[in-house]
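Participant: Taking mature numbering (1 follows the signal peptide of the UniProt record, and there is no 0), I'd label the letters of the sequence shown as residues -24 to -1, 1 to 581.
Cβ coordinates follow ideal geometry from the N, Cα and C atoms, glycine included.
These numbers were taken from a predicted model, which means no experiment stands behind them.
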Amino acid sequence: MKIFAFTSLFFFTLVVSHRGLTEALSTRQQEQAHLPPRGWNSYDSFSWTISEEEFLQNAEIISQKLLSHGYKYVVVDYLWYRRKVEGAYTNSLGYDVIDEWGRVIPDPNRWPSSRGGKGFTEVAKRVHDMGLKFGIHVMRGISTQAVNANSPILDVFKGAAYEESGRQWQAKDIGLRERACAWMSQGFMSVDTKLGAGRAFLRSLYYQYAEWGVDFVKHDCIFGDDLDVDEISAVSEILEKLDRPMLYSLSPGTSVTPTMAKDISSLVNMYRITGDDWDSWGDVAAHFNISRDFAATNMIGANGLKGKSWPDLDMLPLGWLTDPGSNLGPHRKCNLTLDEQRTQMTLWSIAKSPLMFGGDMRKLDKKTYDLITNPTLLEINWFSANNMEFPYIRGTEDLRNSKGVLIPQSKSLKDTDTLHKHVFNLISCKEHRAKGWVIEALNQDIERICWQDYFLKRHKLPVCLNKRKPLLTSDSEIIYKENHQGKLHLLATGTTDICLDASTNRKLASHELRSCSLSPCRWDANQMWELNFNGTLVNSYSGLCATVKMVEGNDIYNGIRSWVATGRQGEIYISFFNLSPSRMIISAKISDLLKVDDLNERVQV
């Protein structure tokens, strides 16, 4: 038996030869995303402010230092079309550069090669000449600025304005103002994909990206709590028909479950399964439960758009960074300790997440470089199989009394101390636990909606919300009748102006518990709800269902974890993770590794 090991405070990796495990993983190069994509994204280091010069400087270093390790995509993150002037920020209105067809185009002051209608053509060519692939970030639907300007819509097949039913269609005909992006409400809104004009607008966007030479699209405010299945399906269909291969990535991932992802994984190549990941230990720890759940449901490397799809744990915020939503570029070091960084890179690798580095390449230090190019981790990330959490481990806490005598205290994987609280939560309406709402009549005029689990358990206070039709203005009456007839506002008990709200006015980090909130009532799809006969309470903005969830406050920050995977030659990789602040001695019996066979058989049934 050969044993190789990599150790740190947080993880330990063992490789042991075992006959009878799976044979070498085969890959089909013709498939799109046949392996978890790797690359670099500008968001963690530049927020939205990156310039052409800064981007190409980073791309050049990536081609020299990371391309040989599989990092081939370089992605410009959001707001590349926003003018960097006084008053502009992440949710400002009126600072975006759009063309005559209402499509955002690069800010020429930050991206000078885009002048003359060239878009990203020159940048993409430079990137391709380096041997890399070029990617961009895009938002849902259409910009508010284009709708306000009522831009015409391009028919790419005719090269002229889109016409149908004897008239020309414009941006105001397709923009759904009540479905504005929850965390960028002044920036973008959904388009009506049921209309030919709505689909024509989306087609004009992605045809333009293909003309520019784009290889990768990160589509934001479209998944998780911002779910828009219709637009995802429409874009996927457009990309399916394009001659140019274009990887399709979805974001963000708040409230994502395997049930939700199964509806879209075949339409895309990668999709976020958490909120934004930044350089805090809470964000790293928050990925253990969700990555376990996706592995257990066989979502890793499932069928995707023209190839495979991969649950995405988000970018690696390592090295030289900026801050979330900042107007500043890179100005600080990563806040994670080296052990915490190793933990993150190990989990991302053994969970087979896409690896998108986020630090400024111009200040890449040796420790960060060595970590993101670690050959064993990169081998596991691409060429391992049967990746899953491994439960057969024990941990002993290293506690010493005043005389220095060791007092061992053991715990298993499932042992944890937790705090409990209850919050409104959003999940896929297909999940059985979404069917928990009932109506209670208080009198002949007033009804309330209650969460059944509490309503039936009389020893607990019920979780209930009062029903009320939305208070409309004359301007919103017509839209309400067309799109939200029968939908309700749900008021907190004892109030007349505080409603259940599915939105947040900002993107959430991974460690933040995503829940519905109670906020001042307004006319907005995020506050429109419909109670179905099957007991589901559906939100009009995302189509997700509200539940009441008991949250175990400490479980993601404490305890011990372990993952296993099978290598190309049948070897078994096992990683140990200590999520608690105490020093732990974690162990597993070699004989228990034989149970990996049984685990694999059960997972594949």
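1) Return the chain-ordered list of same chain residues with a C-beta closer than 8 Å to the C-beta of Q8, the five sequence neighbours on each side being excluded.
2) Can you check which of these residues, S89, N442 and G135, is closest to W188 by C-alpha distance?
3) In terms of alpha-carbon separation, which member of Y57, A176 and H195 lies closest to H113?
4) So, does the segment 300 to 318 touch the segment 11 to 24, judging by three or more C-beta pairs under 8 Å?
5) Does the beta-carbon of K406 have 16 or more other beta-carbons within 10 angstroms, so that it is buried, or is it exposed?
6) With a cut-off of 8 Å on the beta carbons, I'd call K109 and Y54 a contact; round off their distance for me.
7) What is the DSSP secondary structure of S563, reduced to helix, strand or coil?
8) Would you mind giving the Cβ-Cβ distance between D253 and L289, rounded to the nearest angstrom? I have them listed as a contact below 8 Å.
9) Measure the alpha-carbon distance for A147 versus P82 and round it to whole angstroms.
10) Answer with buried or exposed for residue 582, where buried requires no fewer than 16 other C-beta atoms within 10 angstroms of its C-beta.
11) On a CA-only basis, which of G107, L507, A278 and D299 is nearest E36? Give me that one, please.
12) Ignore the nearest five residues each way along the sequence and tell me which others in N357's own chain have a CB closer than 7 Å to its CB.
13) According to DSSP, is E365 helix, strand or coil?
14) Work out the CA separation of P228 and I298 for me, nearest whole Å.
15) Buried or exposed: F509, going by 16 or more other Cβ atoms within 10 Å of its Cβ?
16) Which first and last residues belong to the beta strand (DSSP E) in which P287 is found?
17) Could you give the C-beta distance for T97 and G163, rounded to a whole number, given that I count them as a contact under 8 Å?
18) Any idea if A136 is buried or exposed, counting beta-carbon neighbours within 10 angstroms, 16 or more meaning buried?
19) Under the three-state reduction of DSSP, which class applies to T233: helix, strand or coil?
20) Given a cut-off of 8 Å on the beta-carbon distance, is the pair W16 and M321 in contact?
21) How is N510 classed by DSSP in three states: helix, strand or coil?
22) Identify the continuous beta strand (DSSP E) that holds G280 and give its terminal residues.
23) With S39 as the anchor, note down where its alpha helix (DSSP H) starts and where it stops.
24) Just how far apart, CA to CA, sit F192 and V103?
25) Taking a contact to mean a Cβ-Cβ separation below 8 Å, would you say V167 touches G117 in this structure?
26) Return the Cβ separation of L476 and F400 in integer angstroms, given the expectation that the two are a contact with Cβ distance under 8 Å.
27) Determine the direct distance from the alpha carbon of S256 to that of Q317, and round the result to whole angstroms.
28) Could you round the C-beta distance between A210 and R155 to whole angstroms and report it? I think they count as a contact, below 8 Å.
29) Alpha carbon to alpha carbon, what distance is there between Q33 and I198?
30) Is the segment 363 to 371 touching the segment 537 to 544 in the sense that three or more CB pairs, one from each, lie closer than 8 Å?
31) For I150, I'd like the list of residues in its chain whose CB is within less than 8 Å of its CB, leaving aside the five on either flank, ordered along the chain.
32) Can you tell me which residues form a DSSP beta bridge with S166?
33) Are the beta-carbon atoms belonging to T344 and L402 less than 8 Å from one another?
34) Closer than 7 Å: is that where the CB of G277 sits relative to any heavy atom of the ligand ZN?
35) When the Cα atoms are used, what is the spatial distance from S127 to Y65?
36) For the alpha helix (DSSP H) containing L218, name the first residue and the last one.
Facilitator: Short version:
1) Start at 1 with the first residue of the sequence shown, and residue 8 comes out as number 32. Hits under 8 Å: P221, L223, N245, G280, L281, K282, G283 and K284.
2) Taking the sequence shown and counting its residues from 1, the one referred to as residue 188 is at position 212. If we check each option's Cα against that of W188, S89 comes out closest.
3) The residue given as residue 113 occupies position 137 in the sequence shown. Selected option, being the one with the closest Cα: H195.
4) yes
5) Within the sequence shown, the letter at position 430 stands for residue 406. With fewer than 16 other Cβ atoms within 10 Å, it is exposed.
6) Working through the sequence shown from its first residue, we reach residue 109 at position 133. Working through the sequence shown from its first residue, we reach residue 54 at position 78. Not confirmed; about 19 Å, so no contact.
7) Within the sequence shown, residue 563 is the residue found at index 587, counting from 1. Of the three classes helix, strand and coil, the one that applies to S563 here is strand, per DSSP.
8) As a working mapping, residue 253 is identified with position 277 in the sequence shown. As a working mapping, residue 289 is identified with position 313 in the sequence shown. 7 Å between Cβ atoms; contact.
9) Sequence index remark: in the sequence shown, residue 147 carries index 171 (1-based). Sequence index remark: in the sequence shown, residue 82 carries index 106 (1-based). Their backbone Cα atoms lie some 20 Å apart in a straight line.
10) Look at the range of the chain in this structure, -24 to 581, and you will see that residue 582 is not part of it.
11) Sequence index remark: in the sequence shown, residue 36 carries index 60 (1-based). The option with the nearest alpha carbon to E36 is G107.
12) Mapped onto the sequence shown, residue 357 falls at position 381. Same-chain partners within the cutoff: P12, S325, K328 and L331.
13) As a working mapping, residue 365 is identified with position 389 in the sequence shown. Correct three-state label for E365: strand.
14) In the sequence shown, the residue the question calls residue 298 occupies position 322. In the sequence shown, the residue the question calls residue 228 occupies position 252. What sits at residue 298 in the sequence shown is Thr, not Ile. Going by the C-alpha atoms only, they are around 19 Å apart.
15) By one-based count along the sequence shown, residue 509 stands at place 533. F509 should be labelled exposed.
16) Taking the sequence shown and counting its residues from 1, the one referred to as residue 287 is at position 311. Looking at the DSSP string, the run of the beta strand (DSSP E) that includes P287 is G283 to D288.
17) As a working note, residue 97 is residue 121 in the sequence shown. As a working note, residue 163 is residue 187 in the sequence shown. Actually they are not in contact, since the Cβ atoms of T97 and G163 sit about 25 Å apart, beyond 8 Å.
18) For the purposes of this step, residue 136 is taken as the residue at position 160 of the sequence shown. So A136 counts as exposed.
19) For this step, residue 233 is matched to residue 257 along the sequence shown. T233: coil per DSSP, three-state reduction.
20) For this step, residue 16 is matched to residue 40 along the sequence shown. For this step, residue 321 is matched to residue 345 along the sequence shown. Not closer than 8 Å, so no.
21) Position 534 of the sequence shown holds residue 510. Of the three classes helix, strand and coil, the one that applies to N510 here is coil, per DSSP.
22) Locating residue 280 in the sequence shown gives position 304, where the first residue counts as 1. Here the beta strand (DSSP E) through G280 covers A278 to G280.
23) Start at 1 with the first residue of the sequence shown, and residue 39 comes out as number 63. E28 to K41 is the span of the alpha helix (DSSP H), which, as asked, contains S39.
24) Stepping through the sequence shown from its first residue, residue 192 is reached at position 216. Stepping through the sequence shown from its first residue, residue 103 is reached at position 127. Cα to Cα, F192 sits roughly 13 Å from V103.
25) If you number the sequence shown from 1, residue 167 lands on position 191. If you number the sequence shown from 1, residue 117 lands on position 141. Closer than 8 Å, so yes.
26) One-based indexing of the sequence shown puts residue 476 at position 500. One-based indexing of the sequence shown puts residue 400 at position 424. That belief holds up - the Cβ atoms of L476 and F400 are roughly 7 Å apart, short of 8 Å.
27) Against the sequence shown, residue 317 aligns to sequence position 341. Against the sequence shown, residue 256 aligns to sequence position 280. Whole-angstrom Cα-Cα distance: 10 Å.
28) Taking the first residue of the sequence shown as position 1, residue 210 is located at position 234. Taking the first residue of the sequence shown as position 1, residue 155 is located at position 179. Actually they do not touch by this definition, with Cβ atoms about 14 Å apart.
29) Residue numbering aside, residue 198 sits at position 222 when the sequence shown is read from its first letter. Residue numbering aside, residue 33 sits at position 57 when the sequence shown is read from its first letter. Using only the alpha carbons, I get a separation of about 30 Å.
30) yes
31) Here residue 150 corresponds to residue number 174 of the sequence shown, with the count starting at 1. Only I118, I129, V167, D168, L171, A173, G174 and F177 meet the Cβ criterion.
32) Looking up residue 166 in the sequence shown gives position 190. Partner(s): L152.
33) Counting from 1 along the sequence shown, the entry for residue 344 is found at position 368. Counting from 1 along the sequence shown, the entry for residue 402 is found at position 426. No, these two residues do not count as a Cβ contact at 8 Å.
34) Looking for the ligand ZN in the displayed structure turns up nothing, as the structure carries no ligands at all.
35) Here residue 127 corresponds to residue number 151 of the sequence shown, with the count starting at 1. Here residue 65 corresponds to residue number 89 of the sequence shown, with the count starting at 1. Straight-line Cα distance between these residues: approximately 23 Å.
36) Here residue 218 corresponds to residue number 242 of the sequence shown, with the count starting at 1. Counting along the chain, L218 falls outside any alpha helix (DSSP H), and DSSP gives it neither H nor E.
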